[in-house]
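Written out below as structure tokens is the structure these notes cover.
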Amino acid sequence: MCYTLHMETIVEQLNELDNQYPNVMKMPKDIREKYNRLSQQLICQVWDIRHKDHGSIHSHLKAGEKDGM
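FYI, the numbering for the sequence shown is -19 to 49, going by the working numbering.
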């Protein structure tokens, strides 16, 4: 896993930064780097969740096929 914060925490932090700096291009460099890190962590979590869901659905379908469903 490539993340350390919970998804809700990341979204809250991104929302706070969005409220403080509506224009990402005008963010100070260190804030923009934090924003980018948080965005990347969120992407990793979503990717991980989708990958896990796809795997379990795929496994379930394969199991159903074997059972003659």
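The beta carbon of each residue, even a glycine, is placed where N, CA and C say it ideally should be.
Buried or exposed by the 16-neighbour rule on C-beta atoms within 10 Å, applied to residue i
i	result
Ile29	exposed
Ile(-10)	buried
Gln21	buried
Lys46	Residue confidence is low: Lys46 scores 45 on pLDDT, short of 50, so the model does not pin down where it sits. No coordinate-derived value is stated.
Alpha-carbon spacing of residue i relative to residue j, whole angstroms
i	j	result
Tyr1	Trp27	27 Å
Glu(-12)	Gln25	11 Å
Arg12	His(-14)	20 Å
Gln(-7)	Lys6	18 Å
Three-way DSSP call (helix, strand, coil) for residue i in this model
i	result
Asn16	helix
Met7	coil
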